[in-house]
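Undergrad:
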Amino acid sequence: MIRRKVNAFTLVFYSIGILLLTLGISLTIKANLGTSPFDALLVGLSHNIGLTVGSWEVVIAFVLIFTNACLKKQKPKFLGLVTAFMTGVCIDFWLFLIKILENPATLTSQFLVFTLGLIIIGIGTAVYLHTNFAPIPLDHLMLIITERTGISIRLSKTVLYVIFLLLAFLLHGPIGIGTLLTVGLGGPLLQFFMPLTRKWILKKTEEILLSPLEEKE
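Just so we're aligned, residue 1393 is where the sequence shown starts under my numbering, counting upward by one.
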(Lines of atoms letter the chains of each structure in order from A and count residues from 1; the text may use other names and numbers.)
(Lines give C-alpha, C1' and ligand atoms only; values in the text may rest on other atoms or scores of the structure.)
Protein backbone atom coordinates (compact mmCIF):
# COMPACT_ATOMS: atom_id res chain seq x y z
CA MET A 1 0.00 0.00 0.00
CA ILE A 2 2.75 2.44 0.97
CA ARG A 3 4.80 1.62 -2.12
CA ARG A 4 1.82 2.18 -4.40
CA LYS A 5 1.14 5.56 -2.83
CA VAL A 6 4.78 6.63 -3.09
CA ASN A 7 4.97 5.48 -6.73
CA ALA A 8 1.79 7.37 -7.53
CA PHE A 9 3.18 10.45 -5.79
CA THR A 10 6.40 10.13 -7.79
CA LEU A 11 4.39 10.07 -11.02
CA VAL A 12 2.54 13.20 -9.92
CA PHE A 13 5.83 15.03 -9.24
CA TYR A 14 7.20 13.80 -12.56
CA SER A 15 4.17 15.17 -14.43
CA ILE A 16 4.33 18.49 -12.56
CA GLY A 17 8.01 18.82 -13.40
CA ILE A 18 7.45 18.20 -17.12
CA LEU A 19 4.52 20.62 -17.27
CA LEU A 20 6.55 23.35 -15.55
CA LEU A 21 9.63 22.70 -17.69
CA THR A 22 7.72 22.93 -20.96
CA LEU A 23 5.74 25.98 -19.82
CA GLY A 24 9.02 27.72 -19.06
CA ILE A 25 10.44 26.79 -22.47
CA SER A 26 7.34 28.12 -24.21
CA LEU A 27 7.53 31.40 -22.29
CA THR A 28 11.15 31.94 -23.29
CA ILE A 29 10.17 31.38 -26.93
CA LYS A 30 7.22 33.78 -26.51
CA ALA A 31 9.51 36.46 -25.05
CA ASN A 32 11.35 36.62 -28.39
CA LEU A 33 14.68 37.47 -26.80
CA GLY A 34 16.37 34.23 -27.78
CA THR A 35 15.87 30.81 -26.27
CA SER A 36 18.21 28.29 -24.70
CA PRO A 37 20.72 26.89 -27.23
CA PHE A 38 18.94 23.51 -27.32
CA ASP A 39 15.51 25.07 -27.85
CA ALA A 40 17.01 27.44 -30.43
CA LEU A 41 18.28 24.36 -32.25
CA LEU A 42 14.80 22.82 -32.16
CA VAL A 43 13.20 25.99 -33.53
CA GLY A 44 15.90 26.30 -36.19
CA LEU A 45 15.32 22.72 -37.32
CA SER A 46 11.56 23.32 -37.38
CA HIS A 47 11.89 26.45 -39.51
CA ASN A 48 14.46 25.01 -41.92
CA ILE A 49 13.31 21.42 -42.33
CA GLY A 50 9.75 21.24 -41.06
CA LEU A 51 7.94 19.35 -38.29
CA THR A 52 7.00 21.00 -35.00
CA VAL A 53 9.39 22.09 -32.28
CA GLY A 54 8.09 19.25 -30.11
CA SER A 55 8.67 16.69 -32.86
CA TRP A 56 12.35 17.63 -33.08
CA GLU A 57 12.59 17.18 -29.33
CA VAL A 58 11.75 13.49 -29.85
CA VAL A 59 14.06 13.06 -32.86
CA ILE A 60 17.10 14.51 -31.11
CA ALA A 61 16.26 12.56 -27.95
CA PHE A 62 16.45 9.36 -29.99
CA VAL A 63 19.97 10.29 -31.14
CA LEU A 64 21.07 11.25 -27.63
CA ILE A 65 19.81 7.96 -26.21
CA PHE A 66 22.38 6.10 -28.31
CA THR A 67 25.05 8.67 -27.43
CA ASN A 68 24.39 8.15 -23.72
CA ALA A 69 24.43 4.38 -24.17
CA CYS A 70 27.88 4.56 -25.76
CA LEU A 71 29.24 6.79 -23.00
CA LYS A 72 27.85 4.53 -20.26
CA LYS A 73 28.64 1.34 -22.21
CA GLN A 74 25.12 0.14 -21.54
CA LYS A 75 22.06 -0.75 -23.54
CA PRO A 76 20.08 2.26 -24.80
CA LYS A 77 17.51 3.45 -22.27
CA PHE A 78 14.52 3.91 -24.52
CA LEU A 79 12.38 4.83 -21.52
CA GLY A 80 13.85 8.29 -21.97
CA LEU A 81 11.74 8.58 -25.12
CA VAL A 82 8.67 8.63 -22.88
CA THR A 83 9.84 11.85 -21.28
CA ALA A 84 11.01 13.25 -24.62
CA PHE A 85 7.61 12.48 -26.15
CA MET A 86 5.76 14.05 -23.22
CA THR A 87 8.06 17.07 -23.35
CA GLY A 88 7.56 17.46 -27.10
CA VAL A 89 3.77 17.19 -26.83
CA CYS A 90 3.65 19.64 -23.91
CA ILE A 91 5.87 22.18 -25.69
CA ASP A 92 3.60 22.13 -28.73
CA PHE A 93 0.57 22.34 -26.41
CA TRP A 94 1.87 25.38 -24.50
CA LEU A 95 3.03 27.11 -27.70
CA PHE A 96 -0.44 26.61 -29.19
CA LEU A 97 -2.11 27.81 -25.99
CA ILE A 98 -0.07 30.99 -25.53
CA LYS A 99 -0.57 31.99 -29.17
CA ILE A 100 -3.81 33.64 -28.02
CA LEU A 101 -1.79 35.96 -25.78
CA GLU A 102 -0.32 39.15 -27.15
CA ASN A 103 3.42 39.18 -27.70
CA PRO A 104 5.35 41.28 -25.16
CA ALA A 105 5.27 44.81 -26.58
CA THR A 106 8.16 46.36 -24.71
CA LEU A 107 11.68 45.30 -23.86
CA THR A 108 10.76 45.34 -20.17
CA SER A 109 7.81 42.99 -20.68
CA GLN A 110 9.98 40.73 -22.83
CA PHE A 111 12.53 40.45 -20.03
CA LEU A 112 9.79 39.78 -17.48
CA VAL A 113 8.31 36.96 -19.56
CA PHE A 114 11.75 35.53 -20.29
CA THR A 115 12.86 35.69 -16.65
CA LEU A 116 9.66 33.98 -15.51
CA GLY A 117 10.19 31.26 -18.10
CA LEU A 118 13.82 30.73 -17.08
CA ILE A 119 12.89 30.37 -13.41
CA ILE A 120 10.07 27.95 -14.20
CA ILE A 121 12.45 25.88 -16.34
CA GLY A 122 14.86 25.60 -13.41
CA ILE A 123 12.13 24.52 -11.00
CA GLY A 124 10.51 22.08 -13.43
CA THR A 125 13.81 20.45 -14.36
CA ALA A 126 14.83 20.05 -10.72
CA VAL A 127 11.46 18.56 -9.74
CA TYR A 128 11.32 15.96 -12.49
CA LEU A 129 15.00 15.01 -12.16
CA HIS A 130 14.50 14.16 -8.49
CA THR A 131 11.86 11.58 -9.40
CA ASN A 132 14.61 9.65 -11.21
CA PHE A 133 12.05 8.46 -13.74
CA ALA A 134 13.00 8.42 -17.41
CA PRO A 135 15.14 11.57 -17.51
CA ILE A 136 15.20 13.48 -20.78
CA PRO A 137 18.21 12.13 -22.73
CA LEU A 138 19.77 15.60 -22.74
CA ASP A 139 19.52 15.85 -18.96
CA HIS A 140 20.76 12.26 -18.67
CA LEU A 141 23.80 13.28 -20.73
CA MET A 142 24.34 16.20 -18.34
CA LEU A 143 24.29 13.80 -15.37
CA ILE A 144 26.66 11.39 -17.17
CA ILE A 145 29.15 14.19 -17.82
CA THR A 146 28.95 15.21 -14.17
CA GLU A 147 29.47 11.62 -13.06
CA ARG A 148 32.34 10.87 -15.43
CA THR A 149 34.26 14.13 -15.01
CA GLY A 150 33.43 15.14 -11.45
CA ILE A 151 32.44 18.65 -12.51
CA SER A 152 29.30 20.31 -11.15
CA ILE A 153 25.87 20.07 -12.74
CA ARG A 154 26.11 23.79 -13.39
CA LEU A 155 29.32 23.44 -15.42
CA SER A 156 28.23 20.33 -17.33
CA LYS A 157 24.99 22.02 -18.37
CA THR A 158 26.90 25.12 -19.45
CA VAL A 159 29.24 23.01 -21.62
CA LEU A 160 26.27 21.37 -23.34
CA TYR A 161 24.66 24.77 -23.87
CA VAL A 162 27.75 26.04 -25.67
CA ILE A 163 27.77 23.02 -28.02
CA PHE A 164 24.09 23.43 -28.92
CA LEU A 165 24.58 27.18 -29.30
CA LEU A 166 27.03 26.57 -32.14
CA LEU A 167 24.60 24.16 -33.83
CA ALA A 168 21.68 26.59 -33.40
CA PHE A 169 23.76 29.39 -34.88
CA LEU A 170 24.41 27.30 -38.00
CA LEU A 171 20.65 26.70 -38.38
CA HIS A 172 19.72 30.34 -37.73
CA GLY A 173 17.77 29.51 -34.60
CA PRO A 174 16.38 32.26 -32.31
CA ILE A 175 19.62 33.38 -30.68
CA GLY A 176 19.74 36.63 -28.73
CA ILE A 177 20.43 38.15 -25.34
CA GLY A 178 18.06 35.57 -23.86
CA THR A 179 20.28 32.81 -25.17
CA LEU A 180 23.33 34.27 -23.45
CA LEU A 181 21.35 34.65 -20.22
CA THR A 182 20.26 31.02 -20.44
CA VAL A 183 23.83 29.84 -20.95
CA GLY A 184 25.03 31.91 -18.02
CA LEU A 185 22.10 31.42 -15.63
CA GLY A 186 20.53 28.09 -16.62
CA GLY A 187 23.12 25.96 -14.81
CA PRO A 188 23.28 28.09 -11.63
CA LEU A 189 19.47 28.20 -11.40
CA LEU A 190 19.25 24.42 -11.67
CA GLN A 191 22.01 24.07 -9.07
CA PHE A 192 20.04 26.43 -6.79
CA PHE A 193 16.68 24.69 -7.15
CA MET A 194 17.94 21.09 -6.92
CA PRO A 195 18.40 21.04 -3.11
CA LEU A 196 15.25 23.10 -2.50
CA THR A 197 13.00 20.83 -4.55
CA ARG A 198 14.67 17.76 -3.04
CA LYS A 199 13.76 18.90 0.48
CA TRP A 200 10.19 19.62 -0.62
CA ILE A 201 9.76 16.23 -2.29
CA LEU A 202 11.26 14.39 0.69
CA LYS A 203 8.96 16.27 3.05
CA LYS A 204 5.88 15.38 1.03
CA THR A 205 7.00 11.76 0.73
CA GLU A 206 7.51 11.52 4.50
CA GLU A 207 4.01 12.89 5.00
CA ILE A 208 2.68 10.01 2.90
CA LEU A 209 4.63 7.41 4.86
CA LEU A 210 3.47 8.86 8.18
CA SER A 211 -0.13 9.49 7.17
CA PRO A 212 -2.76 8.49 9.77
CA LEU A 213 -4.20 5.94 7.37
CA GLU A 214 -0.90 4.09 7.09
CA GLU A 215 -0.33 4.24 10.86
CA LYS A 216 -3.68 2.51 11.45
CA GLU A 217 -2.74 -0.20 8.99
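Heads up, the beta-carbon is just placed ideally off N, CA and C, and yes, glycines get one too. For clarity, every value in this text was computed on a predicted model and none was experimentally measured.
Can you tell me whether DSSP reads Glu1494 as helix, strand or coil?
TA: Of the three classes helix, strand and coil, the one that applies to Glu1494 here is coil, per DSSP.
Undergrad: Which residue's Cα is closest to the Cα of Phe1470: Gly1509, Phe1525, Ile1512?
TA: Among Gly1509, Phe1525, Ile1512, the Cα nearest to that of Phe1470 belongs to Phe1525.
Undergrad: For the alpha helix (DSSP H) that Ala1467 lies in, which residues bound it at each end?
TA: Sequence check: residue 1467 is Lys here, not Ala. Element bounds for Lys1467: n/a, residue is neither H nor E.
Undergrad: Could you check if Lys1591 is buried or exposed, using at least 16 other CB atoms within 10 Å of its CB as the buried criterion?
TA: Exposed.
Undergrad: According to DSSP, is Lys1591 helix, strand or coil?
TA: If DSSP states are grouped into helix, strand and coil, Lys1591 belongs with the helices.
Undergrad: Does the beta-carbon distance from Gly1565 to Leu1433 come in below 9 Å?
TA: Yes, the pair counts as a contact, with Cβ atoms nearer than the cut-off.
Undergrad: Is there contact here, the segment 1445-1456 with the segment 1489-1508, by at least three beta-carbon pairs under 8 Å?
TA: No, because fewer than three Cβ pairs between the segment 1445-1456 and the segment 1489-1508 fall closer than 8 Å, the two stretches do not touch.
Undergrad: Which whole-angstrom value is the C-beta distance of Thr1550 and Gly1579, which I expect to be below 8 Å?
TA: 5 Å between Cβ atoms; contact.
Undergrad: Would you mind working out which of Leu1552, Asn1460, Phe1585, Ala1461 sits nearest Asp1431, comparing C-alpha positions?
TA: Ranking Leu1552, Asn1460, Phe1585, Ala1461 by Cα distance to Asp1431 puts Leu1552 first.
Undergrad: How do the segment 1512-1523 and the segment 1405-1420 stand: do at least 3 beta-carbon pairs fall below 8 Å, yes or no?
TA: Touching, yes.
Undergrad: Does DSSP classify Phe1525 as helix, strand or coil?
TA: Three-state result, Phe1525: coil.
Undergrad: Could you check which residue in Ala1461, Leu1443, Lys1422, Ile1441 has the C-alpha nearest to that of Leu1533?
TA: It is Ala1461.
Undergrad: Just checking my contact of Ile1569 with Leu1425 at CB under 8 Å: how many whole Å lie between their CB atoms?
TA: Confirmed, Cβ separation roughly 6 Å.
Undergrad: Among the candidates Leu1504, Thr1500, Leu1530, Ile1483, whose CA atom is the shortest distance from the CA of Ser1418?
TA: Cα-wise, what sits closest to Ser1418 is Ile1483.
Undergrad: Inspect the beta-carbon positions of Leu1412 and Val1519 and report whether they are closer than 9 Å.
TA: In contact: Leu1412 and Val1519 (Cβ atoms closer than 9 Å).
Undergrad: How many Å lie between Ala1497 and Thr1574 at the Cα?
TA: Their backbone Cα atoms lie some 21 Å apart in a straight line.
Undergrad: What's the gap between the Cα of Gln1583 and the Cα of Glu1494?
TA: In a straight line, the C-alpha of Gln1583 is about 32 Å away from that of Glu1494.
Undergrad: Between which two residues does the alpha helix (DSSP H) carrying His1439 extend?
TA: It spans 1429-1440 - the alpha helix (DSSP H) in which His1439 sits, taken as one unbroken run.
Undergrad: Since Ser1548 is in the alpha helix (DSSP H), which residue starts that stretch and which ends it?
TA: Where Ser1548 is concerned, the enclosing alpha helix (DSSP H) stretches over 1545-1562.
Undergrad: For Leu1530, does the three-state DSSP call read helix, strand or coil?
TA: Leu1530: helix per DSSP, three-state reduction.
Undergrad: Buried or exposed: where does Val1435 fall if 16 or more other Cβ atoms within 10 Å of its Cβ makes it buried?
TA: That one is buried.
Undergrad: Using a threshold of 9 Å, state whether the C-beta atoms of Ile1410 and Gly1516 are closer than that.
TA: Result yes, Cβ atoms of Ile1410 and Gly1516 sit closer than 9 Å.
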